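Student:
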Amino acid sequence: MTRVILAASVMLLSIVALVVAESASVTIYMYGVSWCPHCRNMKTFLGEKYPGIFTYCEVDTVEACSRAFTEWLKETGLPGYVPQTLIVKNGRITAVIIGEVLNESFINNLVSLEPGESIPVYQGTQLYGMLNTSKINTTLVLYTPSSPSENTRSGITMVEALVITMLVAIIVVPIGYTVLKRMPRRPGQRRTDKTSRKKR
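Note that this note's numbering has the sequence shown beginning at 682, numbered continuously upward.
Rendered as structure tokens:
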């Protein structure tokens with residue numbers, strides 16, 4: 682039984698490691714302004730649906746965000762509409778959304794895209810055009826707010842909760858098994874452990 686628990690624990694840890702690695706490679710990066718209702722809606726939606734991978738950069742209140750957004754627009758030639766959301770995978774932009782989109786399945790499809798030679802740009806959920814990746818320097822857009830008031834990440838992410846749950850299970854299951862195995866049996870209760878039977 683101990684071997685089964687150890688094998689299950691190793692398998693669970695492997696799965697957790699894969700989930701963490703996959704989710705850590707994606708960032709949803711949104712430019713917005715404080716007075717824009719569409720930005721507020723999108724910020725709330727993305728913060729709730731994608732905690733831990735969503736970063737918000739407020740262009741009108743954070744100078745570094747303003748500079749990054751200006752450079753982004755200069756480099757891509759895109760219109761300066763907000764919200765403007767970038768999906769970044771393994772450090773490369775894979776999709777851009779201009780405007781408010783509160784469609785989880787649409788965004789999930791964009792999150793699953795792999796980096797390629799061109800970047801689809803959507804206005805809402807409609808394809809607006811394509812950007813050539815060779816002309817884009819992704820380091821210009823990945824400013825990460827440093828103070829808690831600038832950053833929308835808060836609390837525990839789903840991946841962190843999964844890791845904690847798995848670690849607790851890996852610790853508790855063997856302890857529970859050991860305690861149950863050592864408990865005295867009630868009169869009339871049959872033993873299921875083959876090694877504890879006496880030969881007659």
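No residue lacks a Cβ here, since even glycine has one placed at the ideal position from N, Cα and C. Quick caveat, the model's predicted, so the values are computed rather than measured.
1) Taking the C-alpha atoms as reference points, what is the distance between residue 718 and residue 789?
2) For the alpha helix (DSSP H) that contains residue 723, what are its first and last residues?
3) Can you grab the Cα-Cα spacing for the pair residue 807 / residue 744, in whole Å?
4) By a C-beta neighbour count over all protein chains shown, 10 Å radius and 16 as the cutoff for buried, is residue 864 buried or exposed?
5) Whose C-beta lies closer than 7 angstroms to the C-beta of residue 734 among residues of the same chain, with five residues either side of it excluded?
6) For residue 790, which three-state DSSP category applies?
7) Quick one, which of 748, 756, 711 and 776 has its alpha-carbon nearest residue 727's?
8) Taking C-beta to C-beta, are residue 769 and residue 714 nearer than 7 angstroms?
9) In this structure, does DSSP put residue 748 in helix, strand or coil?
10) Note down the Cα distance separating residue 748 from residue 793, rounded to an integer number of angstroms.
11) Straight-line CA distance for residue 754 to residue 785?
12) Alpha carbons only, please: which of 787, 800 and 867 is nearest the one belonging to residue 773?
13) Using a threshold of 7 angstroms, state whether the C-beta atoms of residue 777 and residue 805 are closer than that.
14) How many angstroms separate the CA atom of residue 721 from the CA atom of residue 759?
15) Out of curiosity, what's the CA-to-CA distance linking residue 716 and residue 739?
16) Starting from residue 637 and walking both ways along the beta strand (DSSP E), at which residues does that stretch end?
17) For residue 796 versus residue 766, is the C-beta spacing smaller than 7 angstroms?
18) Could you give the residue range of the beta strand (DSSP E) that holds residue 713?
Tutor: According to the structure data:
1) 23 angstroms
2) 718–730
3) 31 angstroms
4) exposed
5) 704, 707, 708 and 709
6) helix
7) 711
8) no
9) helix
10) 29 angstroms
11) 26 angstroms
12) 800
13) no
14) 21 angstroms
15) 10 angstroms
16) No answer is possible for residue 637: the residues shown for the chain start at 682 and end at 881.
17) no
18) 707–713
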